[in-house]
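Q:
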Amino acid sequence: MKTDLRGKHLITLQEWTKEEIDTLLDIAFDLKRRKALGEKHRLLEDKTFYMLFFENSTRTRNAFETGMTQLGGHAIFLTPSATQIGHGETAKDTVEVLSRFGDGIGIRYCTYKEGNAYMRELAKHSRIPVINMQCDLYHPTQALADIMTIQEKFGKNTRGLNFTISWTYAPNYIRPLSMPQSLILLMSRFGMNVTLAHPPEFHLLPDIVEQARKNAEENGVKFNIVHDMDEACKDAHIIYAKSWGPIAYTGSREEGLDLIEKYNGWVMDGRRMKLGHKDAIYMHCMPADRGVEVTEEVMDGPQSVIYDEAENRLHTIKAILAATMR
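Numbering of the sequence shown is given in numbering that gives the first Met the number 0, commencing with residue 0 and proceeding in unit increments.
Next comes the structure, spelled out in structure tokens:
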């Protein structure tokens, strides 16, 4: 077990070893048990964590803020408009000062070709751990909660499971690529056969797809891309169905929205769940468009683990904070 993770940045789990990720999961399971038993675990007393949000959030903000409180520390909510960032202060100047005040900083910044670059610039100058609370390329804290949830449902040994991440129809909003990209990178490292399903125009970034192929090859598992949702669901143990935008295909919002409408049949419903393995689970990072990208029959059905998955955001985030800021 890799036990010394103090000060380590988390921009993408791809930059962490499997041993380091397993350590975070071990800590998360322990902290979840402690919370269930009402055991205090004030591991970060007198510590301060800054949360810089360029976009709104429900699960991420509340998991980080609640997590810091339960760990005995304090989280401070920041936005560009409520700081000098909105007036042009650089990433270097911002983090140089906050590094002298507090003990960690998280950023959510999903604007394509801006978010990850900003985080990298912060990390370059930061004396405290920089945690990616979601960017245009990656969503590591959600992916960590997802693998924890899968281990809870199928056991710690996930080798041989069939994991499907499928695009779904969700109008009016161009969602980032960060979630599917994080999933295809991570799940093969845990021995799962990964299937990525999407209409042709909704492909992910080629370099990240190539990294996912390499991960699968190194771990002796399969990585496939299909353009048929039914095919992707067949025999899947995990069906993770959510929307993302055709960001890698077009920079036009109008064209992107038109393309989404072109594929309005890509909906997660009971028929497709039945194509999966008899023990299949349905996953979604939320928020999900009820009755649009997924039917209520699936979302509220016995195979859905979305609320367990959401709860595990808290426990995995506490693990990240405790490991990197103690």
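Note that the Cβ used here is the ideal one computed from N, Cα and C, for glycine as well.
According to the Cβ coordinates, are W243 and P198 closer than 8 Å?
A: Stepping through the sequence shown from its first residue, residue 243 is reached at position 244. Stepping through the sequence shown from its first residue, residue 198 is reached at position 199. Contact: no.
Q: On the three-state DSSP scale, how would you describe Y248?
A: Your numbering for residue 248 matches position 249 in the sequence shown. Three-state DSSP puts Y248 in coil, outside helix and strand.
Q: Starting from L77, trace the beta strand (DSSP E) both ways and give me its first and last residue.
A: Position 78 of the sequence shown, counting from 1, holds the residue named residue 77. 73-77 is the extent of the beta strand (DSSP E) around L77.
Q: Would you call the stretch 22-38 and the stretch 313-324 touching, i.e. three or more CB-CB distances under 8 Å?
A: Yes, the stretch 22-38 is in contact with the stretch 313-324.
Q: Under 8 Å, do I280 and K152 count as touching if we go by C-beta distance?
A: Along the sequence shown, one-based indexing puts residue 280 at 281. Along the sequence shown, one-based indexing puts residue 152 at 153. It is a contact, given that the beta carbons lie within the stated cut-off.
Q: Compare the beta carbon distance of L203 and I146 with 8 Å and say whether it is the shorter of the two.
A: The residue you call residue 203 lines up with position 204 of the sequence shown. The residue you call residue 146 lines up with position 147 of the sequence shown. Cβ distance not < 8 Å, so L203 and I146 don't count as in contact.
Q: For a quick check, are the C-beta atoms of K1 and T11 less than 8 Å apart?
A: On the sequence shown, position 2 is the one that residue 1 refers to. On the sequence shown, position 12 is the one that residue 11 refers to. Their beta carbons are not under 8 Å apart, which means K1 does not touch T11 by this criterion.
Q: Quick check on M282 - is its C-beta less than 8 Å from some C-beta in chain C?
A: The chain labelled as chain C is not found in the depicted structure, where only one protein chain is given.
Q: Between the stretch 286-301 and the stretch 115-128, do at least 3 Cβ pairs fall closer than 8 Å?
A: Counting Cβ pairs under 8 Å, fewer than three are found: no touch.
Q: Can you tell me whether N263 is helix, strand or coil according to DSSP?
A: By one-based count along the sequence shown, residue 263 stands at place 264. Here N263 sits in coil by DSSP.
Q: When DSSP builds the beta bridges, which residues end up paired with C284?
A: Mapped onto the sequence shown, residue 284 falls at position 285. Note: C284 sits in no beta bridge, so no partner.
Q: If you drop the 5 nearest sequence neighbours on each side, which residues of the same chain put their C-beta closer than 7 Å to that of R107?
A: In the sequence shown, residue 107 corresponds to position 108, counting from 1. The residues are F52, F53, E54, S56, T59, M132, Q133.
Q: From the DSSP output, in three-state form, read off G275 for me.
A: Numbered from 1 along the sequence shown, position 276 holds the residue referred to as residue 275. If DSSP states are grouped into helix, strand and coil, G275 belongs with coil.
Q: In terms of alpha-carbon separation, which member of K273, N161, Y172, L9 lies closest to V297?
A: Numbered from its first residue, the sequence shown carries residue 297 at position 298. Closest option to V297, Cα to Cα, is K273.
Q: Please report the straight-line C-alpha distance between G135 and C109, rounded to a whole angstrom.
A: Within the sequence shown, the letter at position 136 stands for residue 135. Within the sequence shown, the letter at position 110 stands for residue 109. The sequence shown places Asp at residue 135, rather than the Gly named in the question. Spanning the two alpha carbons is a distance of roughly 4 Å.
Q: Below 8 Å on the Cβ atoms is my guess for L70 versus R41; work out the distance and round it to an integer in Å.
A: The sequence position of residue 70 within the sequence shown is 71, counting from 1. The sequence position of residue 41 within the sequence shown is 42, counting from 1. Yes, they are in contact, since the Cβ atoms of L70 and R41 sit about 6 Å apart, within 8 Å.
Q: Starting from Y196, follow the beta strand (DSSP E) in both directions and report where the run begins and ends.
A: For this step, residue 196 is matched to residue 197 along the sequence shown. The amino acid at residue 196 is misidentified as Tyr; the sequence shows Ala. Element bounds for A196: 192-196.
Q: Rounded to a whole number of angstroms, what is the C-alpha to C-alpha distance between K31 and K46?
A: The residue given as residue 31 occupies position 32 in the sequence shown. The residue given as residue 46 occupies position 47 in the sequence shown. Computed Cα separation, rounded: 21 Å.
Q: Which residue wins for smallest C-alpha separation from K123, given the options A169, Q180, K91?
A: Taking the first residue of the sequence shown as 1, we reach residue 123 at position 124. Cα-wise, what sits closest to K123 is K91.
Q: So, under 8 Å CB-CB, L43 and A322 are touching, yes? Tell me the CB distance rounded to an integer number of Å.
A: Numbered from 1 along the sequence shown, position 44 holds the residue referred to as residue 43. Numbered from 1 along the sequence shown, position 323 holds the residue referred to as residue 322. Their Cβ separation, rounded to whole angstroms, is 11 Å, which puts L43 and A322 out of contact at 8 Å.
Q: DSSP on I146, reduced to helix/strand/coil?
A: To locate residue 146, count along the sequence shown from 1; it is residue 147. DSSP places I146 in helix when its eight states are reduced to three.
Q: Report the partner residues of W166 according to the DSSP bridge assignment.
A: Translated into positions along the sequence shown, residue 166 becomes position 167. K241, per the DSSP bridge assignment.
Q: My output table needs one value for M0: the three-state DSSP class, helix, strand or coil.
A: Residue numbering aside, residue 0 sits at position 1 when the sequence shown is read from its first letter. Coil at M0, not helix or strand.
Q: Count the other C-beta atoms from every protein chain shown that fall within 10 angstroms of the C-beta of P245, then say buried if there are 16 or more, exposed otherwise.
A: Taking the first residue of the sequence shown as position 1, residue 245 is located at position 246. With 16 or more other Cβ atoms within 10 Å, it is buried.
Q: In terms of residue numbering, what span does the beta strand (DSSP E) encompassing I319 cover?
A: The residue labelled residue 319 in the question sits at position 320 within the sequence shown. Segment 305-324 is the alpha helix (DSSP H) holding I319; no beta strand (DSSP E) there.
Q: What three-state label does DSSP hand L36 in the structure shown?
A: Stepping through the sequence shown from its first residue, residue 36 is reached at position 37. Here L36 sits in helix by DSSP.
Q: For my contact list, I104 and Y49 are in at a C-beta cut-off of 8 Å; report their separation, rounded to the angstrom.
A: Counting from 1 along the sequence shown, the entry for residue 104 is found at position 105. Counting from 1 along the sequence shown, the entry for residue 49 is found at position 50. Indeed, because the Cβ distance is near 4 Å, the residues count as touching under 8 Å.
Q: Taking the continuous beta strand (DSSP E) assigned at I224, which residues delimit it?
A: Walking along the sequence shown from the start, residue 224 turns up at place 225. Here the beta strand (DSSP E) through I224 covers 222-225.
Q: What does Y108 pair with, by DSSP beta-bridge criteria?
A: One-based indexing of the sequence shown puts residue 108 at position 109. Per DSSP, C134.
Q: Going by beta-carbon coordinates alone, are S181 and H138 separated by less than 8 Å?
A: Reading the sequence shown from its first residue, position 182 is the one you call residue 181. Reading the sequence shown from its first residue, position 139 is the one you call residue 138. Yes, the pair counts as a contact, with Cβ atoms nearer than the cut-off.
Q: Let's test the definition: count the other Cβ atoms within 10 Å of the Cβ of H236 and tell me whether it reaches 16, buried, or not, exposed.
A: Start at 1 with the first residue of the sequence shown, and residue 236 comes out as number 237. Buried: at least 16 other Cβ atoms inside 10 Å.
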